[in-house]
Ligand code: ADP
Ligand code: ASP
Ligand code: MG
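Numbering (the working numbering), first residue to last: 673 to 1073.
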C-alpha cells in the first residue's frame, strides 16, 4: 500500500516528539508500506514567525510572509528525514516545490493548481521514505506560496490524490473526530465514521481538527481520509462518503466558533443595490462575511446584520463608515460566538432546530442570529455562554450516549 501520513504541530513540537514520529513512520515502513509523510511546523512556530513580522509592521507584504512562514515546515521536514536516516532508513525531504506542487498567486491563501508527482514517484521507487514540507507550493513564477492556516492538511490530501495513495492519515493530539471538541466537553464521544459533508460543516464552523479546504478536496477527489492520534494506536475516525445508515443518526456533532464578531446596521436605506455595495466593499478587502440577516423593510429602511472573523472586525468597522449617509446607526460586537449543530439526519427528521432553541431558552441564553442549511443549525450568542451552550446541546442531543 501507499499511505500518506500527516503530522501536525503538536506531533512534531520538539525533538522528542519528532523521535516519536520517526518510530511511527519506521514501524509503518517495516510493515511493508510505501510512506509519504507531510509535516507541519513545530507547534507555535508559525505564530512566532508572524509575531516577528508584526514587530516591524501590521501589514507585511504577503509574498514575504510566504517566504517566512514556509520555513517552519521545512525545518520539520529536514529534521524528520535526518532522524530517519540516523536510524538507517533511506529518506528524502522535499519542499512544496520539490514535491511538484504548483499553486495560483494568492499569497498566504493559495489554491493548488496542479501537482507533478514525478519526483516523489521516483524517490518511492528507489525505496525512499518521502518527507514533504506541508502548507506550501510555488506559483507559476516559482515564488513560494502558502495554503492558509492549517494548510498542511490540504497538502496531505492533495498529495494523496496526486499519488493515488490508498489512504491519507492525519495525525494530531486527538485520536479522531469527536462529537464536540473534547477540550470543551470531556464526555465527547469519538466517532468511528463521519461523512465528508458533516466533517466539512464541522471544520468550516470552527472545529480545527481538520482544515475545511482539505475536507472539501478529499470529498471532491474521493480520498480515503482518517483522523488519528500520533500518541496512541487507536484506529481513529474514517471520513468518507455518506451512507444511508448515517441518516439514522440525528446529530453527529456540535461545534463552537469563537472567532466571530457581529455587525448590525440599523435604518439602512431600503433601495436596490445597497447590499451589493456593502458586501462588494467587504469582499474587495478580503473580509469573509459569514452569517447575514436582513429584515423586511418598513418606512423606507431596513436592518442588516452579519458576522465577520474577529481579526477583520476593525477593518469592517472602518469600511462601514463609508455608508454613513445610507445608515442610521451601527452596532459592533466582538464578544459573540457561533454554536452549531451538525448532522445529515436533519434532512429526514424534524425538530432538531426547535430542540436547539429550547436548550438556549432553558439556559436563558439570547440568540442573536440564526442560520440553517440542510444539515446544520447555527446560532450567534454572547461569547461568555459559548462553552455552556456546547455542553448543554451535547447533552440534549444525547451525544454522550
Ligand atoms: P494539529 O496541530 O496536529 O494540526 P489541531 O490542533 O489543528 O492539530 O487539531 C487538533 C485539535 O482539534 C484537538 O486538540 C481538539 O482540541 C480540536 N478539536 C476541535 N473540535 C474537535 C472535534 N470535533 N474532534 C476532535 N478534535 C477537535
Ligand atoms: N504551520 C501552519 C499553521 O500553523 C500550517 C499547518 O500547521 O497546517 O497554520
Ligand atoms: Mg491542524
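Ideal Cβ placement from N, Cα and C applies to all residues, glycine included.
Whether residue i touches residue j by CB criterion (9 Å)
i: residue 755; j: residue 675; result: no
i: residue 684; j: residue 715; result: yes
i: residue 1004; j: residue 947; result: no
i: residue 1026; j: residue 1051; result: no
i: residue 845; j: residue 903; result: yes
i: residue 1012; j: residue 926; result: yes
i: residue 693; j: residue 843; result: yes
i: residue 871; j: residue 887; result: yes
i: residue 860; j: residue 711; result: no
i: residue 897; j: residue 839; result: yes
heavy atom of ligand 2 below 8 Å from residue i C-beta
i: residue 741; result: yes
i: residue 775; result: no
i: residue 718; result: yes
i: residue 783; result: no
i: residue 983; result: no
i: residue 902; result: no
Assigned secondary structure, residue i (DSSP; H/G/I helix, E/B strand, else coil)
i: residue 947; result: helix
i: residue 1037; result: coil
i: residue 768; result: coil
i: residue 1004; result: strand
i: residue 677; result: strand
i: residue 705; result: coil
i: residue 957; result: coil
i: residue 967; result: coil
i: residue 1020; result: coil
i: residue 1048; result: strand
i: residue 738; result: helix
i: residue 982; result: helix
i: residue 1054; result: strand
i: residue 716; result: coil
i: residue 929; result: strand
i: residue 786; result: strand
i: residue 924; result: coil
i: residue 874; result: helix
i: residue 687; result: helix
i: residue 906; result: coil
i: residue 1030; result: helix
Residue i CB to nearest heavy atom of ligand 1 below 8 Å
i: residue 874; result: yes
i: residue 851; result: yes
i: residue 1069; result: no
i: residue 818; result: no
i: residue 885; result: no
i: residue 879; result: yes
i: residue 1064; result: no
i: residue 682; result: yes
i: residue 679; result: yes
Environment of residue i [buried if 16+ CB atoms lie within 10 Å]
i: residue 1148; result: The first residue shown for the chain is 673 and the last is 1073, placing residue 1148 beyond what the model contains.
i: residue 893; result: exposed
i: residue 885; result: buried
i: residue 907; result: exposed
i: residue 943; result: exposed
i: residue 1032; result: buried
i: residue 841; result: buried
i: residue 968; result: exposed
i: residue 687; result: exposed
i: residue 753; result: buried
i: residue 952; result: exposed
i: residue 993; result: exposed
i: residue 1066; result: buried
Cβ-heavy atom distance, residue i to ligand 3, below 8 Å
i: residue 844; result: yes
i: residue 824; result: yes
Task: At least 3 beta-carbon pairs within less than 8 Å: the segment 812-829 vs the segment 763-779 - done: yes
Open item on the list: Three or more C-beta pairs under 8 Å: does that hold for the segment 972-979 against the segment 929-942?
Closed with: At 8 Å Cβ cutoff, the stretches touch.
Open item on the list: Using a Cβ distance threshold of 8 Å, determine whether the segment 944-963 contacts the segment 898-914, with at least three qualifying pairs required.
Closed with: no
TODO: Pair every Cβ in the segment 1052-1062 with every Cβ in the segment 994-1008, then say whether three or more of these pairs are closer than 8 Å.
DONE: When Cβ pairs closer than 8 Å are counted between the two stretches, the segment 1052-1062 is seen to touch the segment 994-1008, the count reaching three or more.
Task: Contact the segment 827-842 vs the segment 780-799: 3+ CB pairs below 8 Å - done: yes
- [ ] Report yes or no: do three or more beta-carbon pairs, one from the segment 1035-1047 and one from the segment 983-1003, lie closer than 8 Å?
- [x] no
Task: Cβ contact (3+ pairs, closer than 8 Å) linking the segment 764-773 and the segment 842-856 - done: With the cut-off at 8 Å, the segment 764-773 and the segment 842-856 do not touch.
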